[in-house]
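4 protein chains.
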Amino acid sequence: MTIRIGAVGLGRLGHRHAWNLRFAIPGVELAALCDADAEKLHAVAREWGVARAYTDFAAMLDGGGLDAVAIVSPSHLHTAQIAAALERGLHVFSEKPLGTTVEECRIAEAAVEKHPDRVFMLGFMRRYDPSYAYARKMIGEGRIGRPFLFRGYCQDPESAIQGAIAYAGHSGGQFIDMAVHDIDLARWFMGSDPKSIFAIGGCYAHPEFAQYNDGDNVAALMHLKDDGMVFLFAGRTAPHGYNVETEIMGTQGILRIAAVPQKNLVEILDRHGVRKECSQNFLERFGDAYLAEMNEFVRCINEGCRPEVTVYDGTKCTEIAYKCKEAFETNELVRL
Amino acid sequence: MTIRIGAVGLGRLGHRHAWNLRFAIPGVELAALCDADAEKLHAVAREWGVARAYTDFAAMLDGGGLDAVAIVSPSHLHTAQIAAALERGLHVFSEKPLGTTVEECRIAEAAVEKHPDRVFMLGFMRRYDPSYAYARKMIGEGRIGRPFLFRGYCQDPESAIQGAIAYAGHSGGQFIDMAVHDIDLARWFMGSDPKSIFAIGGCYAHPEFAQYNDGDNVAALMHLKDDGMVFLFAGRTAPHGYNVETEIMGTQGILRIAAVPQKNLVEILDRHGVRKECSQNFLERFGDAYLAEMNEFVRCINEGCRPEVTVYDGTKCTEIAYKCKEAFETNELVRL
Amino acid sequence: MTIRIGAVGLGRLGHRHAWNLRFAIPGVELAALCDADAEKLHAVAREWGVARAYTDFAAMLDGGGLDAVAIVSPSHLHTAQIAAALERGLHVFSEKPLGTTVEECRIAEAAVEKHPDRVFMLGFMRRYDPSYAYARKMIGEGRIGRPFLFRGYCQDPESAIQGAIAYAGHSGGQFIDMAVHDIDLARWFMGSDPKSIFAIGGCYAHPEFAQYNDGDNVAALMHLKDDGMVFLFAGRTAPHGYNVETEIMGTQGILRIAAVPQKNLVEILDRHGVRKECSQNFLERFGDAYLAEMNEFVRCINEGCRPEVTVYDGTKCTEIAYKCKEAFETNELVRL
Amino acid sequence: MTIRIGAVGLGRLGHRHAWNLRFAIPGVELAALCDADAEKLHAVAREWGVARAYTDFAAMLDGGGLDAVAIVSPSHLHTAQIAAALERGLHVFSEKPLGTTVEECRIAEAAVEKHPDRVFMLGFMRRYDPSYAYARKMIGEGRIGRPFLFRGYCQDPESAIQGAIAYAGHSGGQFIDMAVHDIDLARWFMGSDPKSIFAIGGCYAHPEFAQYNDGDNVAALMHLKDDGMVFLFAGRTAPHGYNVETEIMGTQGILRIAAVPQKNLVEILDRHGVRKECSQNFLERFGDAYLAEMNEFVRCINEGCRPEVTVYDGTKCTEIAYKCKEAFETNELVRL
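Going down the list, the sequences are from chains A, B, C and D. For reference, each letter of the first sequence is one residue, going 1 to 336 in the numbering used here. For reference, each letter of the second sequence is one residue, going 337 to 672 in the numbering used here. For reference, each letter of the third sequence is one residue, going 673 to 1008 in the numbering used here. For reference, each letter of the fourth sequence is one residue, going 1009 to 1344 in the numbering used here.
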């Protein structure tokens, strides 16, 4: 049975998700597209041969004929769209963050609880990256003993800084915009939540972020309830590319994922030395993971099972990110 | 328009290709399956919901309703099946090698020449691996100057040795069975053919190969017509896994592909040191490439264009592999 | 002119320093040895042909005939021995830490100030490691822009845990015992001191450390006065060996020193994958640095110049280490 | 007892050896210097305070007062100087190659045989590099099973090409000048000598080498008497630096030494990607090995033992290098 999906949001990531649904995910039909930008919307719908196109999300739902929606709209619209789609009886895939405030997240929680037979999935795609999945499996098998330290780096390339500055007023800051992925990974790998958080950072290259109480590079150290440690770093000035690396230290082994960032398996020996080029953005690094998570969404619908990531994970990550932001802004230790 | 493809051969790689056609390649329908093993054939057909299943290739062609075939049968059947399918007006994808002798290859050449409007594609999948494709592009842009040395390693893991021994009588030897991929890459990267070949090797761990005039590890050094150098190594006793690595030296840069074999991006620090695990077989290492090449086959059919790899490349690679074998068996320098 | 040096302390590192002075540092004579363990002392003196051997430091000084001393005694003896040797007009090399309390450090400061014509050098040997020196030079040349994050890891191998447990009551804890090297590096690379510190950790594998208010693995996050960030991690349970790695992020480049720990240049491909073995202790990793720093001490004496590391650096590092310890013990943010 | 050594040759490597003897090797006195260039000779002697300086080797021997000589003169002088020094009863350290022809090597053999109580050591310094020594030890312990393939790369940087071109007429070609080190390593690691050799190459960037029947990059494939395989590559156009890497494949493990060339432990992340810089010449890469081999020479003299490398190894390496050259020049398979 083909699952008919409507996709909302044709930004960079939304376009990728929609493309995947149209061309690369077996068992689905991209039945409708929705974006506020009518020109872009109709160009894409025409090019891909998608019959139904809407500038209004409610209109898409009213149009009927859908089994599910994929929500990749601006973050502040997520929870309302999640609730509306579930109310119509649709399965829902939503990009992170669940909501831009904890209060919004509660709305999504309520909607999900009200429709327990519908699949709700949150787009923490890193969990579907083969390397992260492999690491999680190793940890689950006890192969590194007890994990006690999580280190997560997330860096955007300096080459993308103009976009980051333009978006700074709406991003919520780096902890909410970027570190939320690492917060999810930390909880996933460590199995514990923070009890205290210290966060620092600064505008080392781009003073523009200061007006939004943000830095261009920030860091947080969290003490977990089970005494575990989490160090998060998020930055916007990476000279070499898009860099997501993760380390989990355990009492019997240490795992590092992408600790030497690489674009592919090519090594270059030239006048710069021996080098590897890097991925330049999240679509390049996590292209496979975006496919894998959507295939998992489809599988859950078909088989009636639940995605591993719950709506509560979404709320918790948002909450922790806000606590990081508070610690950063107040220069105080924040306790949860 | 959906392309209806019949797949012949359900061995390890054939099963993967058929699975891809059934579940992962958009725009195609796996319309028929063919394998000599009736039990396996019908089990797979039933599980995947493929209506038509044949134990005889000619019967599958007679059954009609196909636009193309994917040939992943035993090597000695390739050329006859290629010719038969083209004769029926079908597009043909065939796994390497083109044929098991140069004479067989000529049959395929004649068939392809007779049907210039049909797409014929040979499965040198490495060309579709993102890293190899990236390296090829860099070389094409002149970024390493003039390439003058190609080094190609292809190693199967020791853990698979029993299968290799069982198959040794039919493989044609390592140069024909394994090195043919590297011969294709060497020609692709270097743009020149060998004028002389020296080949050596031995049975260092498994004397069983000697009765087939083969070694468990072999190597060849080729001088190219343009003076370039090619060093090939093929082995069956790799302790760490399936290892395909390639180096192209140029006058201004050197490229290495997968020079540090890795299974994924996970690095493990434990009592064995700092380590990466390795891929264990070609399906794991080249899974993406098998998908990409089949998508390219589909694209060529849809857009009426020609795959980069021609039938003549197939013949040439087979010819060179035989010359390597001759050099190995005679301990003499073989000139072409 | 040969410099006559008396060496005090024949523990593991003291023995190495004395050996270097006896056999590997040109231009010096190991003129006297001192250690409280008479048996060990005389055995070493006899084996190396060192005529004068003392179980008492004052007696060694009284014995005369020395130009300099190398102090590698237990940490709590450092400052008194420094002062006594300077008072006799000797040049002084002292291992870290300068003192075990800030008050002790002040004693050393006063002694050094009173003898401005004597060379005083503190053994922060990492500064003399070729890789650290190279990184420092690059930073000094502005090649990574403004440094804004320092990450320092220092891990002892689990295989050495029994010794660490036995010594736990005297070590002062991991921040003072181990992290002090990273504190020195952080100040050296970043050029700024901390204004606030948060420190956490736990006994994840070895509860024995809890009675000393220490953990088996600990971490600290510091905000520097110039807004820079410092993350320190010190651990005693590394499964793979002795691991010291350092990262300095700048606005235009990032440097990592020993980010993939390695024993030597040998890479091993075996059933564990592709791996490098690790150094197992500080003598193995920093053997060259111990030589280089002592050669620098000798050079300073001969040329009448000052070592880069001052006595004040020693005090400051001790002070910061104590603040880390305080933060760790109180679970509070400590401001300086 | 201090060993008094006279050093002949103040070229780049000769200067380093003499410096080591003067400043860095305990237990020796650099008692005399010899070089045909009087100006350079006296400048160095004055700067280092070496009392005796000669422009003539025989005069240095006549001057008396020496226990040993270190011969780092032009290659064609080696064997005569070896014989003359042994005749005077001196211990002899000679740089590679033993001689520039096999006939010359026989002269050295005879001289060494005539003075069995004198230490004769040939400067194959790579054997004293910690990583090569570690690899050799692992192989000796059987940890990689039976070694069956040796791959040796030796590349000089393109940045040094002008010197190489100027010296091309006297170098004897790359097999004799550069590959001789790898020939020694191959014999050392593999424990067998070649029975047939094929060698190729070309002038890919610098046609100047053609007039000397040499290439700027050359390669050889050797079949050993025990069926083992040796692949040697020597090049003069490395874009990244001085690159010596070695691989030994065994039936149970594979060792790679310096397979990712590196200058030190610093990794740089910048706009060129993630990179390591490389050593730029043999003095930088093998600085420690030059020290270690000279210390071994001194130890052998003091303890009356024999260096592992014998004069016969020197002859054999020269003989094999000439066979490579013959194969390269004739384009024929050369059998030994």
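Glycine included, C-beta positions come from ideal geometry on N, C-alpha and C.
With 8 Å as the threshold, decide whether the Cβ of residue i is near any Cβ in chain C.
i	result
C490 (chain B)	no
I1276 (chain D)	yes
V610 (chain B)	yes
Under a CB-based cut-off of 8 Å, is residue i close to chain A?
i	result
H1178 (chain D)	no
R472 (chain B)	no
E1285 (chain D)	yes
P1124 (chain D)	no
I593 (chain B)	yes
I590 (chain B)	yes
A964 (chain C)	no
R818 (chain C)	yes
Please list the partners that residue i has in chain C, where partner means a Cβ-to-Cβ separation under 8 Å.
i	result
R607 (chain B)	P911, H912
P1034 (chain D)	F695, A696, P698
Which residues of chain D have a Cβ atom closer than 7 Å to the Cβ of residue i, listed in chain order?
i	result
H559 (chain B)	I1208
How many Å lie between residue i and residue j at the Cα?
i	j	result
C1313 (chain D)	A1015 (chain D)	22 Å
D1164 (chain D)	G1243 (chain D)	6 Å
M1 (chain A)	I301 (chain A)	11 Å
G1097 (chain D)	D1125 (chain D)	9 Å
T79 (chain A)	A108 (chain A)	5 Å
V102 (chain A)	I25 (chain A)	32 Å
I1152 (chain D)	I1079 (chain D)	37 Å
P979 (chain C)	H1248 (chain D)	35 Å
I929 (chain C)	F1101 (chain D)	37 Å
M1146 (chain D)	Y1250 (chain D)	26 Å
F338 (chain A)	A289 (chain A)	Not covered by the structure: residue 338 (chain A). The range shown for chain A is 1 to 336.
G123 (chain A)	E293 (chain A)	7 Å
F189 (chain A)	L619 (chain B)	29 Å
T909 (chain C)	A1118 (chain D)	58 Å
Whose Cβ in chain D lies nearer than 8 Å to the Cβ of residue i?
i	result
E668 (chain B)	L1341
How about residue i: is its C-beta nearer than 8 Å to some C-beta of chain D?
i	result
F545 (chain B)	no
V260 (chain A)	yes
Are the C-beta of residue i and some C-beta of chain B separated by less than 8 Å?
i	result
K23 (chain A)	Contrary to the premise, residue 23 (chain A) reads as Phe rather than Lys in this sequence. F23 (chain A) counts as touching chain B.
S1204 (chain D)	yes
How would you list, in chain order, the residues of chain C whose beta-carbon sits under 7 Å from the beta-carbon of residue i?
i	result
T251 (chain A)	Y876, A877, T909
D337 (chain A)	Because chain A is modelled from 1 through 336, residue 337 (chain A) falls outside the range shown and cannot be assessed.
Going along chain B, which residues have a C-beta under 8 Å from residue i?
i	result
N264 (chain A)	P466, S467, Y470
Show which residues of chain D have a CB atom less than 9 Å away from the CB atom of residue i.
i	result
F567 (chain B)	R1159, A1227, L1229, F1239, F1241
Got a sec: is the Cβ-Cβ distance from residue i to anything in chain E below 8 Å?
i	result
V1100 (chain D)	Absence of chain E from the displayed structure is noted, the protein chains being A, B, C and D.
**Prompt:** Given 8 Å as the limit, is there contact between the segment 184 to 192 of chain A and the segment 200 to 208 of chain A, that is, 3 or more CB pairs closer than that?
**Reply:** In short, these stretches do not touch, since the Cβ pair count stays below three.
* Does the segment 1173 to 1181 of chain D come within contact of the segment 596 to 603 of chain B, defined as at least 3 CB pairs closer than 8 Å? -> In short, these stretches do not touch, since the Cβ pair count stays below three.
Three or more C-beta pairs closer than 8 Å, one from the segment 427 to 438 of chain B and one from the segment 643 to 658 of chain B: is that the case here?
-> With the rule of 3 Cβ pairs closer than 8 Å, the segment 427 to 438 of chain B counts as touching the segment 643 to 658 of chain B.
- Taking only runs that begin and end inside the segment 1018 to 1053 of chain D, name each unbroken beta strand (DSSP E) of 3 or more residues, in chain order. Within the segment 1018 to 1053 of chain D, the runs of beta strand (DSSP E) that reach at least 3 residues and sit entirely inside it are, in chain order, 1036 to 1042.
Could you tell me whether the segment 894 to 906 of chain C touches the segment 1026 to 1043 of chain D, where touching means 3 or more Cβ pairs closer than 8 Å? Fewer than three Cβ pairs drawn from the segment 894 to 906 of chain C and the segment 1026 to 1043 of chain D lie within less than 8 Å of each other, which leaves the two stretches out of contact.
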